[in-house]
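The structure appears right after this line, and notes come after that.
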Amino acid sequence: MKYAFYPGCTLESTAWDCKVSTQAVCAALGIELEEIPDWSCCGSTPAHCSNTSLAVALPVLNLQKARDLDAPVLTACASCYARLRTANYKVRTEPEERERAERITGAPYGGEVEVLHVLDALVNRYGVDRIRERVTQPLHGLRVACYYGCLLSRPPKVVAFDDPENPTAMERIVSALGAEPVTWPYRTECCGAGLSLTHTDVVCRLGHRILSMAQRAGAHCVAVACPMCQVNLDLRQPEAAAAHGRLPETPIPYLTQLIGLALGLSPDALGLDALFQSPHLLLQNVPGLASGEEHHGIE
Amino acid sequence: MSDMTSNIEWGSTKLLREVERLSGAQVSACYQCHKCSAGCPIAPDADYTSSQIMRLVQLGAEREVLSSESIWLCASCQACTTRCPMDIDVAAVMDALRMLAVERGARLATKRDTRFGRSFLGSVRRHGRVFELEMLMAYKLRTGDFFVDIDKAPKLFKRGKLKLFPRRSGNVGKVRRAFRRAAKEERQR
Numbered sequence: 074m075k076y077a078f079y080p081g082c083t084l085e086s087t088a089w090d091c092k093v094s095t096q097a098v099c100a101a102l103g104i105e106l107e108e109i110p111d112w113s114c115c116g117s118t119p120a121h122c123s124n125t126s127l128a129v130a131l132p133v134l135n136l137q138k139a140r141d142l143d144a145p146v147l148t149a150c151a152s153c154y155a156r157l158r159t160a161n162y163k164v165r166t167e168p169e170e171r172e173r174a175e176r177i178t179g180a181p182y183g184g185e186v187e188v189l190h191v192l193d194a195l196v197n198r199y200g201v202d203r204i205r206e207r208v209t210q211p212l213h214g215l216r217v218a219c220y221y222g223c224l225l226s227r228p229p230k231v232v233a234f235d236d237p238e239n240p241t242a243m244e245r246i247v248s249a250l251g252a253e254p255v256t257w258p259y260r261t262e263c264c265g266a267g268l269s270l271t272h273t274d275v276v277c278r279l280g281h282r283i284l285s286m287a288q289r290a291g292a293h294c295v296a297v298a299c300p301m302c303q304v305n306l307d308l309r310q311p312e313a314a315a316a317h318g319r320l321p322e323t324p325i326p327y328l329t330q331l332i333g334l335a336l337g338l339s340p341d342a343l344g345l346d347a348l349f350q351s352p353h354l355l356l357q358n359v360p361g362l363a364s365g366e367e368h369h370g371i372e
Numbered sequence: 005m006s007d008m009t010s011n012i013e014w015g016s017t018k019l020l021r022e023v024e025r026l027s028g029a030q031v032s033a034c035y036q037c038h039k040c041s042a043g044c045p046i047a048p049d050a051d052y053t054s055s056q057i058m059r060l061v062q063l064g065a066e067r068e069v070l071s072s073e074s075i076w077l078c079a080s081c082q083a084c085t086t087r088c089p090m091d092i093d094v095a096a097v098m099d100a101l102r103m104l105a106v107e108r109g110a111r112l113a114t115k116r117d118t119r120f121g122r123s124f125l126g127s128v129r130r131h132g133r134v135f136e137l138e139m140l141m142a143y144k145l146r147t148g149d150f151f152v153d154i155d156k157a158p159k160l161f162k163r164g165k166l167k168l169f170p171r172r173s174g175n176v177g178k179v180r181r182a183f184r185r186a187a188k189e190e191r192q193r
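In the order they appear, the protein sequences are chains Y and W.
Numbering of the first sequence is given in our numbering, commencing with residue 74 and proceeding in unit increments.
Numbering of the second sequence is given in our numbering, commencing with residue 5 and proceeding in unit increments.
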């Protein structure tokens with residue numbers, strides 16, 4: 074299985090751990106990733122709230138490049154995923170948008186390149202059973218709150234690999250790893266990451282709401298599949314606690330980091346040390362992982 | 005209430021038509037079920053809820069809508085769009101209103117939002133990708149919020165999460181051309 078990999082800007086810096094864990098897990102599972110050469114930014118929220126033509130054209134530039142690789146596009150970022158899928162949806166359904174995108178990019182494009190998020194590829198293409206077969210270090214004892222955030226399941230016209238109100242892809246994977254997904258209500262509530270710099274107070278309120286609910290559900294950690302959610306819930310955790318009430322320190326691992334641990338990959342190969350809230354809190358709950366990992370001190 | 009109603013251009017459908025054209029969403033179909041507001045994560049922080057914005061657009065209350073904080077607080081999470089029983093793309097309406105607010109020079113509730121967008125897209129235009137350190141500096145220069153989040157910088161650097169140099173896309177020429185052409189396309193829309 075081969076994919077044209079679209080890392081996106083965040084995976085080159087703030088979320089490099091997302092990139093290395095995605096690559097390590099795919100390599101371990103035998104999924105080939107070829108990075109789209111000379112990929113450029115998808116435009117994210119600043120493009121779609123200021124210029125509709127640009128918000129379609131920037132993703133299309135990348136999809137045109139990916140077309141040459143003759144493989145579906147794979148992305149690990151929920152925002153990139155939403156923008157690439159939205160551009161496809163627009164050029165497929167609105168002839169005017171297609172003509173406009175082709176005028177701007179100077180090349181034809183009719184939405185023919187398929188775009189998948191890692192979660193979709195793992196659950197619906199690779200298969201949960203095959204992941205389970207490869208688990209060498211089951212994460213028994215680890216209780217995980219699976220957090221989808223907003224853009225992985227919405228809007229269903231554009232994304233649609235899981236139920237928009239009750240997605241289960243992450244829970245199915247977490248169960249296959251031997252860990253226990255907790256039942257909790259805020260799995261698809263938005264964390265407000267796009268407002269992180271502009272309305273930090275709002276973002277802290279939303280983050281606190283999500284984290285405290287995960288805690289009440291008995292989770293040891295909150296697993297994410299989006300670099301925006303990760304940074305927001307992890308880096309701003311102390312601020313959220315200061316503004317809205319005490320929160321026990323909660324690690325926010327990428328789902329790919331949990332998969333990697335269960336596949337027997339080393340924490341270093343998965344960038345686990347790059348988490349802000351100590352990964353030690355995560356590892357200590359899994360008997361097989363806790364030994365020999367004392368050096369992951371709590372900051 | 006009286007202050008608000010006195011400014012509404014009763015009977016004018018100009019704003020409604022513009023918003024529907026820009027967003028591709030049929031705002032006139034909204035019958036005020038409030039489902040969008042009920043699921044909106046930022047509703048407690050907003051001056052108007054999303055369903056109130058929809059009603060104000062129908063009524064042609066341009067000043068109230070374009071200077072509201074709500075249109076900028078929208079996190080684009082798509083819960084409203086997903087749940088609307090009339091299939092109205094509410095999130096796209098918020099995008100259209102932000103564009104109109106900037107275009108009309110409306111009195112913005114805060115300028116941080118447009119300054120963030122400009123800092124972000126400026127970096128994309130220069131490098132083809134976002135160079136986060138530069139984007140953050142540009143945003144701080146525009147807003148003067150120099151010390152906000154300064155405590156985050158060491159944590160980010162320590163973990164290699166803030167790069168000191170941009171990684172330019174080899175396709176930056178086409179990205180810049182796309183910016184120029186897209187600006188022209190939007191003016192003709």
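Cβ atoms here follow ideal geometry from the backbone N, Cα and C, with glycine treated the same way.
Small disclaimer: the values here were computed from a predicted structure and weren't measured.
Collapsing the DSSP output to three states places C84/W in a helix.
T323/Y is bridged by DSSP to nothing; it lacks a bridge partner. Scanning chain Y for C-beta atoms nearer than 8 Å to the C-beta of Y35/W yields nothing, as the closest lies near 20 Å away. Collapsing the DSSP output to three states places R309/Y in coil. Going by DSSP, C294/Y is part of no alpha helix (DSSP H) but of the beta strand (DSSP E) stretching over 294 to 297. When the Cα atoms are used, S80/W and A95/W turn out to be separated by approximately 6 Å. Close to chain W, meaning a Cβ-Cβ distance shorter than 7 Å, are the following residues of the segment 164 to 187 of chain Y: R173, R176, I177, T178.
The residues L224, in chain order, have a CB closer than 6 Å to that of A155/Y in the same chain once the five nearest residues on each side in sequence are set aside. Within the DSSP secondary-structure output, L189/Y pairs in a beta bridge with L147/Y. Burial state of Y35/W is exposed, judged by a 10 Å Cβ sphere holding fewer than 16 other Cβ atoms. DSSP places R282/Y inside the alpha helix (DSSP H), whose first and last residues are 273 to 289. With fewer than three CB-CB distances shorter than 8 Å, the segment 121 to 128 of chain W does not count as touching the segment 50 to 68 of chain W. Restricting attention to G214/Y, S269/Y, N135/Y, S126/Y, the CA atom closest to the CA of V255/Y is found in G214/Y. Between the alpha carbons of D236/Y and G148/W lies a distance of about 43 Å. Under the 8 Å Cβ criterion, the segment 152 to 169 of chain Y does not count as touching the segment 168 to 176 of chain W, having fewer than three qualifying pairs. Three or more pairs of CB atoms, one per stretch, sit closer than 8 Å, so the segment 277 to 288 of chain Y contacts the segment 314 to 324 of chain Y. Less than 9 Å separates the beta-carbon of L134/Y from that of T178/Y. P211/Y and L250/Y have their C-alpha atoms spaced approximately 6 Å apart. Here L195/Y carries a helix assignment [DSSP, helix/strand/coil]. Taking 9 Å as the CB threshold, P45/W lines the interface with chain Y. L270, T271, H272, V275, L279: these are the residues of the segment 269 to 281 of chain Y whose beta carbon lies less than 7 Å from some beta carbon of chain W, given in chain order.
Close to M103/W, with beta-carbon spacing below 8 Å, are these residues of chain Y in chain order: C122, S123, N124, T125. A residue is called buried once 16 or more other Cβ atoms fall within 10 Å of its Cβ, and F161/W, having fewer, is exposed. Chain Y places no beta carbon closer than 9 Å to that of R25/W, leaving this residue out of the contacts. The Cβ atoms of L157/Y and V247/Y do not sit closer than 9 Å to each other. Taking each of E206/Y, K138/Y, C219/Y, A335/Y in turn and checking the Cα distance to E185/Y, the smallest one comes out for K138/Y. In this structure, W257/Y places its C-beta atom within 9 Å of the C-beta atom of A218/Y. For D49/W, the neighbours in chain Y by C-beta distance under 7 Å run, in chain order, V275.
Look at R172/W here: in three-state DSSP terms it is coil, with no helix or strand label.
Taking a Cβ-Cβ threshold of 7 Å, the residues of chain W close to S86/Y are E136, K165, L166, K167, in chain order. Within the segment 128 to 152 of chain W, the complete alpha helix (DSSP H) segments of 4 residues or longer fall at 136 to 147, listed in chain order.
Annotation for R216/Y: the continuous beta strand (DSSP E) segment containing it runs 216 to 220. It is roughly 43 Å from the alpha-carbon of T271/Y to the alpha-carbon of D202/Y. Residues of the segment 74 to 90 of chain W with a C-beta less than 8 Å from any C-beta of chain Y: W76, L77, A79, S80, C81, Q82, A83, T85, T86, listed in chain order. With a threshold of 16 other beta carbon atoms within 10 Å, G132/W meets it and is buried. Of the residues L147/Y, R205/Y, D141/Y, the one whose Cα lies closest to the Cα of Y182/Y is D141/Y.
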